[in-house]
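J.:
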Amino acid sequence: MNKPQHPGSTSNFIRQVIEADLASGKHVKIRTRFPPEPNGYLHLGHSKSILLNYGLAKEYGGLCNLRFDDTNPEKEEQEYVDSIVDSVKWLVGEQAAAPLYASDYFDFMYQCAEHLVESGNAYVDSQSAEEMKHNRGSFTQAGVDSPFRSRSTAENLDLLKRMRAGEFPDGAHVLRAKIDMASPNINLRDPALYRIKKEKHHRTGDKWCLYPMYTYAHPIEDAVEKITHSLCTLEFEDQRPFYDWLLNKLADGGLLERPLPQQIEFARLQLTHVLLSKRLLIKLVEEGHVDGWDDPRMPTLAGARRRGYTPEGFRRFAERVGVAKENSWIDYSVLEDCMREHLNEIAPRRMAVLDPLKVVVENYPTDQTEELLIPNHPQKPDMGKRPVPFSRELWIERDDYQDSPPKGYFRLFPGNKVRLRYAYVVECVSYDKAADTVRCRYLPETRSGTPGSDSVKVKGNIHWVSVKHAHQAEVRLLDRLFKTEKPEGQDDLNPGSLKKIRAQLESGLREAGTEAVQFERHGYFIADRDGFNRTVTLRDSWQKT
RNA sequence: UGGGGCGUCGCCAAGCUGGUCUAAGGCACCGGAUUUUGAUUCCGGCAUUCCUAGGUUCGAAUCCUAGCGCCCCAGCCA
-4 MNKPQHPGST SNFIRQVIEA DLASGKHVKI RTRFPPEPNG YLHLGHSKSI
46 LLNYGLAKEY GGLCNLRFDD TNPEKEEQEY VDSIVDSVKW LVGEQAAAPL
96 YASDYFDFMY QCAEHLVESG NAYVDSQSAE EMKHNRGSFT QAGVDSPFRS
146 RSTAENLDLL KRMRAGEFPD GAHVLRAKID MASPNINLRD PALYRIKKEK
196 HHRTGDKWCL YPMYTYAHPI EDAVEKITHS LCTLEFEDQR PFYDWLLNKL
246 ADGGLLERPL PQQIEFARLQ LTHVLLSKRL LIKLVEEGHV DGWDDPRMPT
296 LAGARRRGYT PEGFRRFAER VGVAKENSWI DYSVLEDCMR EHLNEIAPRR
346 MAVLDPLKVV VENYPTDQTE ELLIPNHPQK PDMGKRPVPF SRELWIERDD
396 YQDSPPKGYF RLFPGNKVRL RYAYVVECVS YDKAADTVRC RYLPETRSGT
446 PGSDSVKVKG NIHWVSVKHA HQAEVRLLDR LFKTEKPEGQ DDLNPGSLKK
496 IRAQLESGLR EAGTEAVQFE RHGYFIADRD GFNRTVTLRD SWQKT
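Residue numbers -4 to 540, in the numbering used here, belong to the letters of the first sequence in order.
Below is the structure:
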């Protein structure tokens, strides 16, 4: 039998599991989830997980939950919840349903804990953290049982209830699963389930002084939400035996229904030239190396959005990168290329002179202005045309003129002809050093769109902006934040990651919307806070050589 | 070191119930064509080889054995 084909995508081991489960009737509909802890901003690395979970759900006609894993009140804040919801909505659009919260299941989780105690599968340990650590053993040495491991069910239950009632200080006791202190898998050596934490929770307030550990809470969250496939990163692989142990104990006790969710691990996204460590990112913000968490250079999704990166670009990136279990590093240029690819399709073209040099067309009437109709996209006539004024004095790019050009240079230099894009062919007469102006003469019969426009063949084609009509604005030339392949801190910052310039833009850009535009021959830009951010440059095979 | 993973082209990644694999696809790269963006698009090229060494087999990237390399685990973090 042939395997189902995925148009535009390739098979991967997760799809195979899903298809098998669907085929066998284990599930009629799949349900995935994206479970961030609200303790920071979402970054580029999260995009893979988000798009994987929502993508699979969509592909197989299932659902994906956005669920906050808010089990550690010490680190979590509402501000993060808001920003995460925002970023997820931006990335997946209408597929993003209202968020769910692990904290909404605290009652049930506690009920499960009592059941575990009653069924002899959990106990209250009163060792100190240090003692616990010591008695856990090592990779090569089995752990030893806690002296409290054999407490009676009644005593355990009493202690647990009093823990919940707030009778003990932080750290006095902890609830542990009773599994095997000699397991070769350290995660099975009686992992902690609950710790006392007299901390106010951003959603449940002071209701609890006892909070579940991730290890314990996560499987239950998945089961409660009837998640079918619980996708997580490789480092949780060793945790899977406990995940299954817990769920089966609870299902056996009638607290959970089968089929139970299945945890599947995949390799997290590792990108070169970026730094995703929360600690170091915070430093960059606090020390003012960047403007904030949503600085367009930041590797956060909020930053990427202001940078002009698109959800569709991220989707293509996720597809291109694939899903597997091999730890791999993706070169940052792959991400840039995906953005470029998408932007090329959707961005209307505009002319913008970033580093202006004045050109005077000496034989063009002083007071004349022509409105030229210029296509918004050379390959997409349906995107229409726009009027752009042409006059005697123009701005061109400074490096489109050279006194003594290098070999192969085919733009402006004395005696050479070049086409002013969508306007006329001009011939360079000379460069007036005192006035810092290039003197040209135009060939009237070469006006674009007219019958004789092709009478003169030229190789060069440069963009321009009419001086008296130009819209002057700030343009931020953004480059990578880090110059090194695997940055470790501020020493690796790219000093040229942000250049602010005053550019001369075609007049229509005065009323720019929020959608991406291409500045011809430069790259893709997006209007942001009173100026334009460069999202990514165009490819350039000339500069390379 | 005990346990859990992973090793297929420069970067990803299919394939892994053995033959249709002298190994898919994408990206990068190299040609060449078109082009009023040195962009885009298009066409062509790009692993006799699958970490290494043995073995099983008529036949192995796919099975077995032994090595080697890399990642993860000893939070009352997630």
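Don't be surprised by glycine CBs; every beta carbon is placed ideally from N, CA and C. Everything numeric in this text was worked out from a predicted model, so none of it was measured.
Considering only DSSP beta bridges, list what G200 is partnered with.
T.: Bridge partners of G200: H196.
J.: How would you call F134, buried or exposed, if buried means at least 16 neighbouring beta carbons within 10 angstroms?
T.: F134 should be labelled exposed.
J.: Between the C-alpha atoms of L473 and K495, what's the straight-line distance to the nearest angstrom?
T.: When rounded, the distance between both Cα atoms is 9 Å.
J.: Just reading off the beta strand (DSSP E) that N528 is part of, what are its end residues?
T.: N528 -> beta strand (DSSP E) spans F527 to T532.
J.: How would you call K539, buried or exposed, if buried means at least 16 neighbouring beta carbons within 10 angstroms?
T.: Unreliable placement is indicated for K539, whose pLDDT of 48 sits below 50; the coordinate value is still reported in the next sentence. When all chains shown are included, K539 counts as exposed.
J.: In angstroms with no decimal places, state the Cα-to-Cα distance between S42 and L296.
T.: Using only the alpha carbons, I get a separation of about 8 Å.
J.: Report yes or no: do three or more beta-carbon pairs, one from the segment 265 to 273 and one from the segment 475 to 490, lie closer than 8 Å?
T.: Counting Cβ pairs under 8 Å, three or more are found: they touch.
J.: Taking only the alpha-carbon atoms, compute the straight-line gap between K402 and V460 and give it to the nearest angstrom.
T.: So the two alpha carbons sit approximately 27 Å from each other.
J.: Does any heavy atom of the ligand HEM sit closer than 6 Å to the C-beta of R28?
T.: Because no ligand of any kind appears in the structure shown, any question about the ligand HEM cannot be addressed here.
J.: Looking at the strands, I want to know which residues DSSP matches up with F520.
T.: V512 and R529.
J.: Can you find at least 3 beta carbon pairs, one from the segment 190 to 207 and one from the segment 90 to 109, that sit closer than 8 Å?
T.: Yes: at least three Cβ pairs fall under 8 Å.
J.: Would you identify the three-state DSSP class for D541, choosing helix, strand or coil?
T.: In the structure displayed, the chain extends from -4 to 540; residue 541 sits before or after that span and is not available.
J.: Nearest-angstrom Cα distance between G283 and Q397?
T.: Approximately 39 Å between the Cα atoms of the pair.
J.: Helix, strand or coil, according to DSSP, for Y36 in the structure here?
T.: Coil, per DSSP.
J.: Exposed or buried, D120, counting other C-beta atoms within 10 Å across all chains shown (16 or more means buried)?
T.: With 16 or more other Cβ atoms within 10 Å, it is buried.
J.: Considering only the beta carbon of each residue, do L17 and I45 sit closer than 7 Å?
T.: Result no, Cβ atoms of L17 and I45 do not sit closer than 7 Å.
J.: Taking the continuous beta strand (DSSP E) assigned at D247, which residues delimit it?
T.: Where D247 is concerned, there is no enclosing beta strand (DSSP E), although the alpha helix (DSSP H) it sits in stretches over R235 to D247.
J.: What three-state label does DSSP hand R190 in the structure shown?
T.: Strand at R190.
J.: Quick check on A160: buried or exposed, where buried means 16 or more other Cβ atoms within 10 Å of its Cβ?
T.: Exposed is the call here.
J.: In terms of DSSP beta bridges, what is Y541 paired with?
T.: What is shown of the chain runs -4 to 540, which leaves residue 541 out entirely.
J.: For H224, count neighbouring C-beta atoms within 10 Å of its own C-beta (all shown protein chains included) and say buried if the count is 16 or more, exposed if not.
T.: Counting Cβ neighbours within 10 Å, H224 comes out buried, since at least 16 surround it.
J.: Taking just the CA atoms, how far does R253 sit from A246?
T.: For A246 and R253, the distance between alpha carbons rounds to 7 Å.
J.: Can you tell me the Cα-Cα spacing of R529 and E74, whole angstroms?
T.: R529 and E74: Cα-Cα distance of roughly 28 Å.
J.: Based on Cα-Cα distance, which residue from R10, Y49, G50 and L58 lies nearest to K24?
T.: The option with the nearest alpha carbon to K24 is L58.
J.: Can you tell me which of Y55, K53, V83 and P68 puts its alpha carbon nearest to the alpha carbon of R62?
T.: Nearest of Y55, K53, V83 and P68 to R62, Cα basis: V83.
J.: Quick one: give me the first and last residue of the alpha helix (DSSP H) that S82 is part of.
T.: Here the alpha helix (DSSP H) through S82 covers Q73 to V87.
J.: Roughly how many angstroms separate the alpha carbons of L415 and P384, rounded to a whole number?
T.: Near 13 Å, if we compare the C-alpha coordinates of P384 and L415.
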